[in-house]
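Single-structure report; data block below.
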Amino acid sequence: MDDFETRAREAMAAPRNVGEMADADAVGTAGSADCGDMLRMWLKFTEKDGKRVIDRASFQSFGCQTAIAVASMATELLKGKTAEEAQALGPDELTGDLGPLPPMKIHCGQLVESALQSALGTGGEAPGDDGSAAPTLAQSLQKKSGGKIKIVPLEE
Ligand code: FES
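Encoded structure:
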């Protein structure tokens, strides 16, 4: 339809950084009150030039294509940022090359921003070694729905 749709479709065709991160330093989950979609983001930090910066970011989404496209962009551009720099990023910056979101899709970007803020808010606390402190998004959803939801893992 417009440039945004094309760019979002391209980002969706090959989303980057999809999946849980077993050795993450921080994890955050957000749900959208507008549509009920959920997104979880994992962050791994490293030391670079005396600063603690994001080494890798990944996400899992039970959400619309726009949220997945934005999360794919955002997890790429978070690399090398300090927690403070990442915290300062709003939905407009997180969309990267996708450009500004159309009005109907703004909450999709906010969902990604909220998951990031939630991860940064965990203060870099690592989930349990077996992941027990941070259940997967699939587990959270199964719990919520009484286990009747069918989970289809996304291929990287
Ligand atoms: Fe819900 Fe996009 S429609 S996050």
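When you read off a place in the sequence shown, starting at 1, and then add 827, the result is the number in this note's numbering. For each residue, glycine too, the CB sits at the ideal point set by N, CA and C. Values in this document were obtained by computation on a predicted structure and should not be read as measured data.
Beta-bridge pairing of residue i - partner residues as DSSP gives them
i    : result
Q892 : None; Q892 has no bridge partner.
S885 : W869
A853 : L870
K878 : K875
G907 : None; G907 has no bridge partner.
V845 : F886
G858 : M865
For residue i, the nearest candidate out of the options (CA to CA)
i    : options                : result
V939 : L866, G907, I881, K906 : L866
S945 : R834, R843, L870, T856 : T856
D850 : S885, K878, A901       : S885
W869 : E920, H934, A841, A898 : A898
A901 : R879, Q892, V880, D924 : D924
V854 : G917, Q887, F831       : Q887
E847 : K878, P918, K871, G948 : K871
S941 : A840, P929, E832, S859 : S859
E837 : A896, Q937, G917       : A896
M931 : K875, Q892, L916, L947 : Q892
K875 : A841, C935, A910, C862 : A910
Cβ of residue i within 8 Å of any chain B Cβ
i    : result
R867 : Note that chain B does not occur in the displayed structure, where there is just one protein chain.
Integer-rounded CB distance, given that residue j should sit under 8 Å from residue i
i    : j    : result
D882 : K906 : 7 Å
N844 : E903 : 7 Å
G890 : D864 : 3 Å
Opening and closing residue of the alpha helix (DSSP H) in which residue i lies
i    : result
S941 : 933 to 948
D830 : 830 to 840
E912 : 910 to 914
P918 : 918 to 921
Let me have the residue list for ligand 3: C-beta closer than 7 Å to any non-hydrogen atom, ordered along the chain.
-> This structure lacks ligand 3; the ligands present are ligand 1.
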